[in-house]
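Residue numbers (my numbering), protein chains in the order written: chain A, 24 to 134; chain B, 261 to 429. Worksheet: one structure, shown below.
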């Protein structure tokens with residue numbers, strides 16, 4: 024069995040915040056965003072509405088694990104961006120998901 | 261709706277309060293929203309994520325200190341520079357207070373084991389004062405009293421017991 028990359032395990036530590044954290048990383052993949060923009064972007068991309076409590080629970084964890092970082096802003100809404108570690112974690116998680124998706128599609132094709 | 265923010269710990273509000281409030285303002289008040297924020301508040305109390313750390317990561321700027329802290333084991337201590345200064349001040353003041361108490365009690369009771377214990381307890385107590393200044397200042401007063409008071413009492417009782425035994429040997 025293929026060894027799971029370390030970056031991929033980072034999000035597994037987040038418990039119920041794993042999925043919101045993944046959505047936030049995806050949202051930040053095309054550039055920095057502040058909280059409200061993330062909520063709107065995630066709703067557009069994934070059809071999931073994250074409440075502020077869930078959003079900031081995930082942001083605090085991502086920041087604590089140094090997967091994202093806050094940018095300084097004059098506005099009271101701090102934008103966040105992906106760190107290099109966050110980008111690697113996102114790539115690793117998406118690759119792992121892709122392996123599962125392909126396996127599922129192969130099995131469906133032969134069913 | 262900003263009253264919902266008060267449900268969160270002080271350190272959390274200090275770090276995310278303003279932006280959280282701005283996101284809240286854009287939301288419609290629903291039962292779902294209140295449940296979500298309540299859940300977030302419970303999580304923030306149960307699983308603090310090191311919000312006391314006040315690294316200033318600015319756009320396009322990476323300082324050497326930020327880099328070092330980011331790379332060291334477990335992310336380094338989760339306390340700000342201000343907390344560290346406060347902790348050092350509390351440690352020095354605590355040690356000074358204990359030294360004065362030791363001198364006064366020695367003058368009054370000479371070298372009674374209970375007085376000697378105060379002198380020996382000063383060293384571990386200094387560490388406890390530092391911990392208090394660094395990690396406990398923003399906690400509720402009850403928590404501060406139980407943790408710091410309890411630890412100091414425990415340290416003192418152990419050293420007092422040791423001193424009582426030592427004079428009987």
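From the three backbone atoms N, C-alpha and C, an ideal C-beta is built for every residue, glycine too.
Problem - Interface flag, residue 394 of chain B vs chain A, CB-CB below 8 angstroms - result: no
Problem - Limits of the unbroken beta strand (DSSP E) element including residue 103 of chain A - result: If you look at residue 103 of chain A, you'll find it in the beta strand (DSSP E) that goes 103-105.
Exercise for the section: Anything in chain B within Cβ reach of residue 51 of chain A, meaning under 7 angstroms, just list it in chain order. Expected result: Correct list: empty, because the minimum Cβ distance to chain B is about 14 angstroms.
Handout entry: Per-residue contacts from residue 84 of chain A into chain B (C-beta, under 7 angstroms)
Key = 309
Practice task
Could you run through the region 339-357 of chain B and flag, in chain order, every residue whose CB is less than 7 angstroms away from some CB of chain A?
Solution key: Under the 7 angstroms Cβ criterion, the region 339-357 of chain B contributes no residue.
Practice task
Report buried or exposed for residue 320 of chain B, applying the criterion of at least 16 other Cβ atoms within 10 angstroms of its Cβ.
Solution key: Summary for residue 320 of chain B: the model assigns pLDDT 44, below 50, so the residue's position carries little reliability, and this model does not support an answer.
Problem - Reduced DSSP category for residue 52 of chain A - H, G, I as helix; E, B as strand; rest coil - result: coil
Handout entry: Contact under 8 angstroms by Cβ, residue 91 of chain A with residue 77 of chain A
Key = In this structure, residue 77 of chain A does not lie closer than 8 angstroms to residue 91 of chain A by Cβ.
Handout entry: Within chain B, the residues that residue 138 of chain A reaches when beta carbons sit closer than 8 angstroms
Key = Residue 138 of chain A cannot be examined here, being either before or after the span of chain A that is shown, 24 to 134.
Handout entry: Expected contact under 8 angstroms - CB spacing of residue 57 of chain A and residue 100 of chain A to nearest Å
Key = 4 angstroms
Exercise for the section: With a threshold of 16 other CB atoms inside 10 Å of the CB of residue 280 of chain B, please say whether the residue is buried or exposed. Expected result: buried
Practice task
Please look up how many angstroms separate the CB atoms of residue 347 of chain B and residue 394 of chain B, rounded, as I've assumed it's under 8 angstroms.
Solution key: 4 angstroms
Practice task
Could you pull out every residue in the same chain whose Cβ sits closer than 7 angstroms to the Cβ of residue 55 of chain A, ignoring the five residues on either side in sequence?
Solution key: 94, 102, 103 and 104
Exercise for the section: Determine, using beta carbons only, whether residue 276 of chain B comes closer than 8 angstroms to chain A. Expected result: Taking Cβ atoms only, chain A reaches closer than 8 angstroms to residue 276 of chain B, which makes this a yes.
Problem - For residue 343 of chain B and residue 42 of chain A, the rounded distance between their alpha carbons - result: 34 angstroms
Practice task
Enumerate in chain order the residues of its own chain whose CB-to-CB distance from residue 386 of chain B is below 7 angstroms, with the five nearest sequence positions on each side excluded.
Solution key: 351, 354 and 355
Practice task
Could you round the C-beta distance between residue 276 of chain B and residue 83 of chain A to whole angstroms and report it? I think they count as a contact, below 8 angstroms.
Solution key: 7 angstroms
Handout entry: For residue 298 of chain B and residue 267 of chain B, the rounded distance between their alpha carbons
Key = 7 angstroms
Practice task
Following the continuous alpha helix (DSSP H) through residue 374 of chain B, name the residue where it begins and the one where it ends.
Solution key: 373-391
Practice task
Output yes if chain B places a C-beta closer than 8 angstroms to the C-beta of residue 101 of chain A; else output no.
Solution key: With 8 angstroms as the cut-off, residue 101 of chain A counts as an interface residue toward chain B.
Problem - Residue range of the unbroken beta strand (DSSP E) whose run includes residue 394 of chain B - result: Looking at the DSSP string, residue 394 of chain B is not in any beta strand (DSSP E), and its letter there is neither H nor E.
Exercise for the section: Out of B:382, B:406 and B:376, point me to the one whose CA is closest to residue 420 of chain B's CA. Expected result: B:376
Practice task
List the residues of chain B that residue 65 of chain A touches, going by C-beta distances under 8 angstroms, in chain order.
Solution key: Chain B residues near residue 65 of chain A: none, gap ~13 angstroms exceeds 8 angstroms.
Problem - 4-residue-minimum alpha helix (DSSP H) runs that sit fully inside the region 394-420 of chain B, ordered along the chain - result: 401-404
Problem - Sequence-distant residues of the same chain with beta carbon closer than 7 angstroms to residue 318 of chain B, five excluded per side - result: Only weak support exists for where residue 318 of chain B lies, its pLDDT of 42 falling under 50; the value from the coordinates is given anyway. Hits under 7 angstroms: none found.
Exercise for the section: With distances taken Cα to Cα, identify the nearest neighbour of residue 389 of chain B among B:418, B:369 and B:357. Expected result: B:357
Practice task
From the DSSP output, in three-state form, read off residue 304 of chain B for me.
Solution key: helix
Problem - DSSP state of residue 93 of chain A mapped onto helix, strand, coil - result: strand
Handout entry: Rounded straight-line distance, which links the Cα of residue 378 of chain B to that of residue 426 of chain B
Key = 15 angstroms
Practice task
Can you say whether residue 61 of chain A is buried or exposed, counting buried as having 16 or more other CB atoms within 10 angstroms of its CB?
Solution key: With 16 or more other Cβ atoms from the protein chains shown falling within 10 Å of its own Cβ, residue 61 of chain A counts as buried.
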